[in-house]
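A.B. asks: Just passing along the structure, written as structure tokens.
There are 2 protein chains.
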Amino acid sequence: MPNYKAPVTDMQFLLHDWLKTQDHYQRLGLSDYDADLVNEILSQGSKFAEEVLSPLNREGDEQSCKLEDGKVTTPNGFASAYHEYIANGWNAMLGTADYDGQDLPNSIAVPIQEMLNSANVSWRLISMLTESAVLAVTKHGDQALKDTYLAKLISGEWTGTMCLTEPQAGTDLSLLSTKAEPLDDGSYAITGSKIFISGGDQDWTDNILHLVLARLPDAPAGVKGISLFLVPKIMVEENGQLGAPNTLSVGSLEKKMGIKGCPTCVMNFDSAKGWLVGGPHQGLACMFTMMNDARFQVGLQGLSISEAAFQGALEYARDRLQSRAPQGVQEPSSKADPIIHQPDVRRMLLTQKALTEGSRALSLIYAQQMDIERFGDEASKAKAENIIAFLTPIVKGFMTDMGTEVSNLGVQVYGGHGYIREWGMEQLIRDARITQLYEGTNGIQALDLISRKLARDKTGTMLTDTYELFAEKVSQIGHADAKAQAEAILQEWHQTALQVKTVSPVDLAGAAYDFMHYSAYSLLGVIWLSMSDTATQSENTVLKQGKANTCAFFLKRLLPRKDAYKTNLLNSAEDLMAVEGSEFDYI
Amino acid sequence: MPNYKAPVTDMQFLLHDWLKTQDHYQRLGLSDYDADLVNEILSQGSKFAEEVLSPLNREGDEQSCKLEDGKVTTPNGFASAYHEYIANGWNAMLGTADYDGQDLPNSIAVPIQEMLNSANVSWRLISMLTESAVLAVTKHGDQALKDTYLAKLISGEWTGTMCLTEPQAGTDLSLLSTKAEPLDDGSYAITGSKIFISGGDQDWTDNILHLVLARLPDAPAGVKGISLFLVPKIMVEENGQLGAPNTLSVGSLEKKMGIKGCPTCVMNFDSAKGWLVGGPHQGLACMFTMMNDARFQVGLQGLSISEAAFQGALEYARDRLQSRAPQGVQEPSSKADPIIHQPDVRRMLLTQKALTEGSRALSLIYAQQMDIERFGDEASKAKAENIIAFLTPIVKGFMTDMGTEVSNLGVQVYGGHGYIREWGMEQLIRDARITQLYEGTNGIQALDLISRKLARDKTGTMLTDTYELFAEKVSQIGHADAKAQAEAILQEWHQTALQVKTVSPVDLAGAAYDFMHYSAYSLLGVIWLSMSDTATQSENTVLKQGKANTCAFFLKRLLPRKDAYKTNLLNSAEDLMAVEGSEFDYI
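As given, the protein sequences belong to chains A and B, one line each in that order. Residue numbers for the first sequence follow our numbering, beginning at 3 and rising by one. Residue numbers for the second sequence follow our numbering, beginning at 3 and rising by one.
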């Protein structure tokens, strides 16, 4: 496994120089977070990721998780790493101070979260879902629920899960059949089976809080009849002590392609006692509080795995001696040159680098909006909410597709060695592959973007607010040519979005995937021009030159991808719908 | 695992209607192969693939191979399937009749080979390499070598391996250090270690013949000092009986991402006795006889896995009920519609179908040229050799990249279930991934195409002959619009190829990968227009309509990819070469 080194220099450049987060924290009344403190947090986080999590990643994949006598065992070292993680307060970064959280801005937490995923995405998944559970309970739980559970969730003493999917109900939650029967004491008896539950059980904590979607007896059909329940693994008594086990169990562990260090459970609830989170039949809205957070976090996983794959490939390309470079001998004392001097290897490395750094910048633009949503005034909050809503499917869908592309390039740079497990590069492909599927497949992200966030947003403010945010970035570009180029990309994107939003529902669905990627490449084009413009002012001449050269590469080799997406999204869906029945397979 | 059904209807259409192989066999003096015989062979081959090989594929991945006491065990059923395979004569399809082979045309064997790979690529690999070994011994072995080994290799009583790679010598074979010392009896003592040896040992046959690249004592440095040796696992005595074991052993089995049913061995040769194949220092040419065959076969694996992934996805999309279709309710009696009615799912399925069927057509164009190379007159032979040389890197590089794209789409159609091992879809991704790496990475294929086959072919006949073959296809298109469109695609490609061949070596290397894909999409465009034109004459109205609709989809949604590749390949490599040292990672 390549040794992970957190890309702190790039993160600092993006936060301090590009996004000017110092001014941003001032505006939000968060001026305690000066540059030194931010740098110190990044430094501590990088140590934990590099020294504690990263060394467990390869072996965790080989060991995977076990289920014996109904109990899950995670790979060696995973539990103790978690105990160190919560002892050092990392789990509480984003929790509310009302329950001993740190109320850290997301723009500081997101780089840390990126590091955790890069170092060991299997390990990270459970704490990620706990953070989502914290959000749901904080936003939708009643006082009693919060008082009983929130401090433990925020500290990480207990973990949380998200129990949505059933065998017959994945994308389509209207089909879910888990039942919730009201009990006399105000709680509910939950009965049903849930699949794909990450961290459904683990050997890290005394208790686990399952957030479960189920139907009340009087529930209307479809998604309007879904409610959310908090179902603890172990009952919590009035004094806060742990009591009897709840009537729920792990049916089995899934055998998966990757993220093998994370236990993915079938969970059976057998009249398990649970408490309503939010109002009856309001489960979908509550669930989306968790889901939107998780979607961003999964997008981040795509970025994180890309970074890990890039680092591994770069290290190998610098070390591996094969053939001579076409531009002439590079290492006369060796029989061959490092393959990093091969133009085609550089094509792969620079594709990895340009996509990864561009996506990191996008993730931090998003994080900055999360800061505003939490700490800003009402007007800026509303705008930030719109931008977050619009960008969520792009971040999730694009960055995870990228994770698969970039991790595949990582293996390709290694040649045949990339296919061998001990090098750790093929694990990155396997770990990345789930990110395109869970928390809503990328096809669903694309539909969410083009339908809910674009076409059905009658006032158009989600698009407009997003456009204006990027227009502001464009306006700040100093160099006239770069500014004009960014302006042209942004205008073309905005006009195309306005054009596509008016087509029929079928054409919209046919255009969805291409629109998502078209949007991502367009926005990354603006981001790269903006970033490299900022970098011209940097005192770090290596970073300055690196950003300029990578921007040139992105504009030349990757931005043209948007044109093929654009061509496709402007097509009607007629060709997609024309094929019928056995025309697919002639059988 | 999806049940594999060989796409016999499509294969028959391509052979009989599109390529008019009946006329082709007449021209080559092979008129015994009438349509009934060809159909009977396809039918028998499909039964073996569907009923014997396919059921072993999923379990083979779970069991993988074992090494105990120096002996390899393959998964349950693999050996007996192989015994059935050779008993039924499949291994001898392409062998020369001089040693009891069937001398079958490649255009009949290639569809069978496609089926074998689709059903179980891990199992197929060993017989594939044996076929390559047959070619090398037939072409380069002396009479004694042929008499001793060839009949056994052709029947499959013994298998063959290709021992090229060493830890320090992969892409760059000039670095290989395995030694061959001449012995008094005319044989050689081979000493060295080879890695990534598929079928280095197995529990299928009594003997294994290793074709090993090594250096003679007086060898010049570099690739001009490499010789090829045949090194049997068990010595063969004068009477043809098996004698003492040779001094070679399996050092270890690699733990791999996929193709787990195939034993990938580290082979140690310790003064093992071997015999020269071809002249001293002529090893590279001999090796390329095997390698070029293997490259085509690996390309075919990409196609085969694509077909399997398409079939799996199609079956699931027809069965899986989630949500309603945007064009209106499709199954009123169910709570949801099959996802095949979703436009975005159709985008994925049609991408799979269009790439797979287009590539199958390309594989059979190639196979037809192999027939001509073997059975044609001198003039047509020379032309076929040129076409094969030009198309080999395209078939290998493009079709295996496609295998990864299409198998990833297969998983995507399944949503989260695609990530679960028991469904068998994620295995296809893992099995496909090696095809982009072995027998020369796809970056090496791209360099081979643009450099050896295009720029350094001073007379330009490899390009010209390939161009003329496709121009002939264009000229046969009946419909004027389709013909004009195909003509435009082909001319653009030809002009672009002539333009790019003159650039500097560094720019050539920078353009290589894009030129390979640009070529593939251009040629597939011609192929689709030609195929669907032929299909308008078909009595099978479903196939006729299916080809027309899929052609429309290909032209609209996939052909535009070539434009992005074209833009990139016409760029200089300046942007690739600009980034220096720590500009890659700022460390």
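The beta-carbon is built from N, C-alpha and C at its ideal position, and this holds for glycine as well. Remember, predicted model here, so these are calculated numbers, not experimental data.
Identify every residue that forms a DSSP beta bridge with Trp277 (chain B).
C.D. replies: DSSP, once it has assigned bridges, lists B:Leu232 as partnering Trp277 (chain B).
A.B. asks: If Asp433 (chain A) sits next to Ser124 (chain A), beta carbons under 8 Å apart, how far is it from one beta carbon to the other, in whole angstroms?
C.D. replies: 7 Å
A.B. asks: With a threshold of 7 Å between beta carbons, is Asp459 (chain B) in contact with chain A?
C.D. replies: no
A.B. asks: Looking at chain A, is there any beta carbon in it that lies within less than 7 Å of the beta carbon of Asp450 (chain B)?
C.D. replies: no
A.B. asks: Going by the C-beta, is Glu582 (chain A) closer than 6 Å to any heavy atom of the ligand PLP?
C.D. replies: Of the ligands one can find in the structure shown there are none, so the ligand PLP has no counterpart to examine.
A.B. asks: With H, G and I counted as helix, E and B as strand and the rest as coil, what does DSSP make of Val331 (chain B)?
C.D. replies: coil
A.B. asks: What are the start and end residues of each continuous beta strand (DSSP E) run of 3 or more residues lying completely inside the segment 202 to 252 of chain B, in chain order?
C.D. replies: Counting only unbroken stretches of 3 or more residues, the beta strand (DSSP E) elements lying wholly within the segment 202 to 252 of chain B are 210 to 216, 229 to 234, 236 to 238, 244 to 247, in sequence order.
A.B. asks: Taking Pro328 (chain B) as the reference, give the member of B:Thr463, B:His343, B:Glu317 with the closest Cα.
C.D. replies: B:His343
A.B. asks: Taking just the CA atoms, how far does Phe198 (chain B) sit from Ser644 (chain B)?
C.D. replies: Here chain B comprises residues numbered 3 to 589, so residue 644 (chain B) is not present and cannot be evaluated.
A.B. asks: Does Asn422 (chain B) come within less than 7 Å of chain A when only Cβ atoms are used?
C.D. replies: According to the sequence shown, residue 422 (chain B) is Ile rather than Asn. So yes, Ile422 (chain B) belongs to the interface.
A.B. asks: Taking Met164 (chain A) as part of the beta strand (DSSP E), name the residues at either end of that continuous run.
C.D. replies: Residues 161 to 165.
A.B. asks: Where Phe586 (chain B) and Asp12 (chain A) are concerned, what is the direct C-alpha to C-alpha distance, given to the nearest angstrom?
C.D. replies: As the crow flies, the alpha-carbon of Phe586 (chain B) is around 11 Å from that of Asp12 (chain A).
A.B. asks: Taking only beta-carbon atoms, is Ile192 (chain B) less than 7 Å away from chain A?
C.D. replies: no
A.B. asks: Given that a residue counts as buried once 16 or more other Cβ atoms are within 10 Å of its Cβ, and exposed if not, what is Ser534 (chain B)?
C.D. replies: buried
A.B. asks: Quick one: give me the first and last residue of the beta strand (DSSP E) that Tyr469 (chain B) is part of.
C.D. replies: Taken as a continuous stretch (DSSP letters only), Tyr469 (chain B) belongs to no beta strand (DSSP E), being part of the alpha helix (DSSP H) at 463 to 477.
A.B. asks: Might you give, ordered along the chain, the residues of its own chain that have their beta carbon closer than 7 Å to the beta carbon of Ala369 (chain B), omitting 5 neighbours on each side?
C.D. replies: Asn108, Ser109, Val112
A.B. asks: Any beta-carbon of chain B closer than 7 Å to the one on Glu428 (chain A)?
C.D. replies: Cβ-Cβ to chain B under 7 Å: yes for Glu428 (chain A).
A.B. asks: Quick one: grab the DSSP three-state call for Ser33 (chain B).
C.D. replies: coil
A.B. asks: I want to see whether chain B comes within less than 7 Å of Ala221 (chain A), judged by CB atoms only; does it?
C.D. replies: no
A.B. asks: I'd like to know if Asp577 (chain A) contacts chain B, where contact means its C-beta is closer than 7 Å to some C-beta of that chain.
C.D. replies: yes
A.B. asks: How about the segment 510 to 522 of chain B and the segment 571 to 582 of chain B: do they share at least three Cβ pairs that are nearer than 8 Å?
C.D. replies: yes
A.B. asks: Can you confirm whether Asp346 (chain A), when its beta carbon is compared against all beta carbons of chain B, has any partner nearer than 7 Å?
C.D. replies: yes
A.B. asks: Arg376 (chain A) touches chain B at which residues, Cβ-Cβ below 8 Å?
C.D. replies: Those within 8 Å of Arg376 (chain A) in chain B number zero; the least Cβ separation is about 30 Å.
A.B. asks: Could you tell me which whole alpha helix (DSSP H) segments of length 4 or greater appear in the segment 68 to 116 of chain B?
C.D. replies: 80 to 89
A.B. asks: Between the segment 464 to 471 of chain A and the segment 527 to 543 of chain A, can you find at least three pairs of beta-carbon atoms closer than 8 Å?
C.D. replies: no
A.B. asks: Name, please, each residue of chain B whose Cβ falls closer than 8 Å to the Cβ of Thr406 (chain A).
C.D. replies: Neighbours of Thr406 (chain A) on chain B, chain order: Asn410.
A.B. asks: Counting Cβ pairs closer than 8 Å, one from the segment 166 to 174 of chain A and one from the segment 308 to 327 of chain B, do we hit at least three?
C.D. replies: yes
A.B. asks: Thinking just about the alpha-carbon of each residue, which of A:Gly480, A:Ile367, A:Val505 is nearest to the one in Glu387 (chain A)?
C.D. replies: A:Ile367
A.B. asks: In terms of residue numbering, what span does the alpha helix (DSSP H) encompassing Pro1 (chain A) cover?
C.D. replies: Absent from the model: residue 1 (chain A). The displayed extent of chain A is 3 to 589, so no value can be given.
A.B. asks: Less than 8 Å between the CB atoms is what I'm expecting for Ser308 (chain A) and Leu357 (chain A), so what's the real figure, rounded?
C.D. replies: 6 Å
A.B. asks: Assign Ile589 (chain B) to buried or exposed, taking buried as 16 or more other Cβ atoms, counted over all protein chains shown, within 10 Å of its Cβ.
C.D. replies: Ile589 (chain B) is exposed by the Cβ-count criterion.
A.B. asks: For Phe555 (chain B), I'd like the list of residues in its chain whose CB is within less than 7 Å of its CB, leaving aside the five on either flank, ordered along the chain.
C.D. replies: Leu352, Ala356
A.B. asks: What span of residues does the alpha helix (DSSP H) with Gly188 (chain B) cover, start to end?
C.D. replies: It is not in any alpha helix (DSSP H) - Gly188 (chain B) carries neither H nor E in the DSSP assignment.
A.B. asks: Tell me whether Asn270 (chain A) sits in a helix, a strand or coil according to DSSP, three-state version.
C.D. replies: strand
A.B. asks: If we define contact as Cβ-Cβ less than 7 Å, is Leu177 (chain B) a contact residue for chain A?
C.D. replies: yes
A.B. asks: Out of curiosity, what's the CA-to-CA distance linking Thr163 (chain B) and Ala296 (chain B)?
C.D. replies: 11 Å
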